[in-house]
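Okay, structure first, notes after.
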Amino acid sequence: MTAHDERDSTLRWGVLGATSYIATHLIPAITATHGCALTAVASRPERAAAAAELGRAHGATVHPDYRALIADPAVDAVYIPLPNTQHVDWTLRALEAGKHVLVEKPMAMDEEDCARIEKAAEAASRTVMEAFMYRFHPQQRRAAEILASGKIGELRGVRASFAFRIESGSGNIRLDAALGGGATWDVGCYAVDVPLFFFGRAPGQVSAHFSSRPGLAVDTSAVATMDFGQGHFAVVDYSIDYGPRAAYELQGTRGTLMVRNAWAMDGEDGVVTVLTEDGVHEETVPSANHYQLQVEAFAAAVRDGAPAPVPLADSRRTARVGRAFVASAAAGGAAVVTSAQETEGR
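Below, the structure is given as structure tokens:
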């Protein structure tokens with residue numbers, strides 16, 4: 001990707017949506033980041049009043065629809081938090097309009113669409129990144145440092161559990177199958193990302209078991225195993241039936257590392273616990289706003305023309321494994337994870 005080439009150094013953001021999540025987490029992260037500004041907001045018609053309020057509060061232009069925002073020459077980068085089925089289309093539209101894109105996970109629900117996005121980003125010389133905000137919290141970096149130090153030995157297993165409850169009848173888009181809802185393509189993305197990130201490759205096969213809340217057409221809870229070969233494994237569970245929970249463990253040959261709150265918010269300290277034969281060692285990681293750290297890292301990559309901090313290869317891998325989970329659950333057995341588009345390993 002080429003460096004940010006606008007007339008000044010300010011990265012001007014447009015946001016597609018005006019939900020409370022956007023107003024509470026992402027817009028404050030943008031406005032608090034040096035060299036970033038909220039320039040435009042657009043929403044669906046039923047959220048027009050909320051969009052107008054956000055525009056007034058931040059001095060941003062309020063566009064009547066998403067197309068108008070993407071066509072706005074005053075917008076350099078677009079944040080896309082729309083329903084899952086709309087991520088690919090609006091990411092491609094934004095890239096074709098010459099915008100950089102931060103898109104919520106999942107970037108796409110199959111690897112082929114991730115490849116289409118990558119091709120479009122290369123053609124437009126623009127940066128696109130999947131928004132895995134938890135990766136940017138210092139406790140995740142500290143966990144990676146401890147693993148690399150050899151303190152717990154060779155990584156052999158990962159356990160990850162991510163969950164939060166969504167009430168039936170709430171109107172939440174995650175309960176709507178037509179919008180790509182369900183636990184797997186939402187909270188499951190985090191559970192899947194943890195072992196993929198720490199092993200640095202995709203598993204050879206997976207075995208997933210889904211359950212659905214009565215009256216819903218989407219999966220609402222899942223348990224899955226991921227076989228990385230030669231005695232390397234992961235066990236994950238995720239749900240929108242129960243929670244909140246966002247914890248993971250890295251099992252090494254000489255010890256265990258535990259992160260008990262991977263979603264630690266601003267004001268909450270992170271805690272990393274290491275158990276070895278020498279005893280238990282617990283480290284407190286000072287609180288941090290992982291949403292703002294994500295925006296800062298994305299903006300720096302745009303300005304420097306550097307690769308996105310969450311590489312597109314990782315997004316392809318996440319989509320591929322998620323699709324294998326779906327296939328395994330449907331078939332009631334293991335599913336092989338294959339791809340002709342990626343050479344595994346870091």
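The opening residue of the sequence shown carries number 1 in the UniProt record's numbering; numbering runs sequentially from there.
Beta carbons: idealized from backbone N, C-alpha and C, even for Gly.
All values reported here derive from a predicted model rather than from experimental measurement.
Helix, strand or coil at residue i according to DSSP, with G and I counted as helix
i, result
"Tyr242", "coil"
"Ile70", "helix"
"Gln205", "strand"
"Ser211", "strand"
"Glu145", "helix"
"Gln230", "coil"
"Arg12", "strand"
"Asp113", "helix"
"Leu82", "coil"
"His281", "strand"
"Asp89", "helix"
"Glu167", "coil"
"Arg7", "Annotation note: pLDDT 44 at Arg7 (below 50); position unreliable, coordinate value reported separately. Coil."
"Leu312", "helix"
"Ala262", "coil"
"His137", "coil"
"Thr253", "coil"
"Val187", "helix"
"Ala121", "helix"
"Val326", "helix"
"Thr343", "Confidence at Thr343 is low in this model, with a pLDDT of 39, below 50, so its placement is unreliable and the value that follows should be read with caution. Note: Thr343 maps to coil in three-state DSSP."
"Glu104", "strand"
"Leu275", "strand"
"Val218", "coil"
"Pro223", "Inspection of the sequence shows that residue 223 is occupied by Val rather than by Pro. Reduced to three states, the DSSP call for Val223 is strand."
"Asp237", "strand"
Residue i: first and last residue of the uninterrupted beta strand (DSSP E) it sits in
i, result
"Val158", "Leu155 to Ala163"
"Ala131", "Val128 to Ala131"
"Val62", "Thr61 to His63"
Other residues of its chain near residue i: CB distance less than 6 Å, five sequence neighbours each side excluded
i, result
"Thr225", "Ser207 and Val235"
"Ile70", "Arg93, Ala94 and Ala97"
"Gln294", "Met133 and Phe136"
Minimum C-alpha distance to residue i - residue among the options
i, options, result
"Ile146", "Arg44, Leu250, Ala178 and Ala217", "Leu250"
"Ala40", "Leu54, His34 and Arg47", "Leu54"
"Gly231", "Val271, His281, Glu154 and Tyr248", "Glu154"
"residue 356", "Arg260, Val103, Ala52 and Gly59", "Past the boundaries of the shown model lies residue 356; the chain is included only from 1 to 346, so the question cannot be answered."
"Gly200", "Phe298, Ile117, Pro311 and Ala247", "Pro311"
"Arg316", "Cys36, Arg12, His87 and Asp110", "Asp110"
"Glu104", "Asp186, Arg126, Ala299 and Arg44", "Asp186"
"Pro195", "Val223, Ala160, Asp176 and Ser170", "Ala160"
"Val272", "Phe298, Gln139 and Glu46", "Gln139"
"Val128", "Ile152, Ser9 and Thr91", "Thr91"
"Phe132", "Ala262, Pro214, Ser170 and Asp89", "Ala262"
"Tyr79", "His63, Arg56 and Ile27", "Ile27"
"Tyr238", "Phe298, Val88, Ala143 and Arg165", "Arg165"
"Ala264", "Glu282, Val280 and Asn289", "Asn289"
"Arg116", "Arg142, Arg141 and His87", "His87"
"Gly215", "Tyr242, Glu167 and Ala300", "Glu167"
Close Cβ partners of residue i (< 8 Å) along its chain, the five nearest in sequence each way excluded
i, result
"Tyr21", "Pro81"
"Gly204", "Asp227, Phe228, Gly229, Val336 and Val337"
"Gly333", "Ser207"
"Glu6", "Only weak support exists for where Glu6 lies, its pLDDT of 46 falling under 50; the value from the coordinates is given anyway. The answer, listed in chain order, is Arg12 and Asp76."
"Ala301", "Met1, Thr127, Met129, Pro307, Ala308 and Pro309"
Inter-residue spacing [alpha-carbon to alpha-carbon] between residue i and residue j
i, j, result
"Asp219", "Ala148", "36 Å"
"Ala335", "Arg320", "11 Å"
"Phe210", "Ala329", "6 Å"
"Ala178", "Ala68", "25 Å"
"Ala18", "Thr184", "24 Å"
"Asp76", "Asp278", "52 Å"
"Ser287", "Val259", "14 Å"
"Gly255", "Asp193", "22 Å"
"Thr276", "Arg245", "24 Å"
"Arg135", "Leu257", "16 Å"
"Gly14", "His63", "10 Å"
"Tyr248", "Gly150", "18 Å"
"Ala37", "Pro307", "22 Å"
"Ala49", "Asp65", "13 Å"
"Leu11", "Leu102", "13 Å"
"Ser170", "Asp176", "11 Å"
"Met107", "Ala191", "15 Å"
"Ile240", "Cys189", "13 Å"
"Asp72", "Gln292", "24 Å"
"Glu268", "Thr253", "31 Å"
"Ala144", "Phe197", "10 Å"
Chain B within 8 Å of residue i, Cβ atoms only
i, result
"Ala74", "Among the chains of the structure shown, chain B does not appear; only one protein chain is present."
Own chain partners of residue i with C-beta closer than 7 Å, once the 5 adjacent residues on each side are dropped
i, result
"Pro83", "Ile173, Leu179 and Gly180"
"Glu296", "Thr33"
"Glu130", "Val103, Lys105, Met107, Val310 and Ser315"
Residue i - containing alpha helix (DSSP H), residue span
i, result
"Gly333", "Premise fails: Gly333 is in no alpha helix (DSSP H) and is neither H nor E."
"Ala300", "His290 to Asp304"
"Thr39", "No alpha helix (DSSP H) contains Thr39, which is instead part of the beta strand (DSSP E) from Cys36 to Ala42."
"His58", "Ala48 to His58"
"Thr31", "Ile27 to Ala32"
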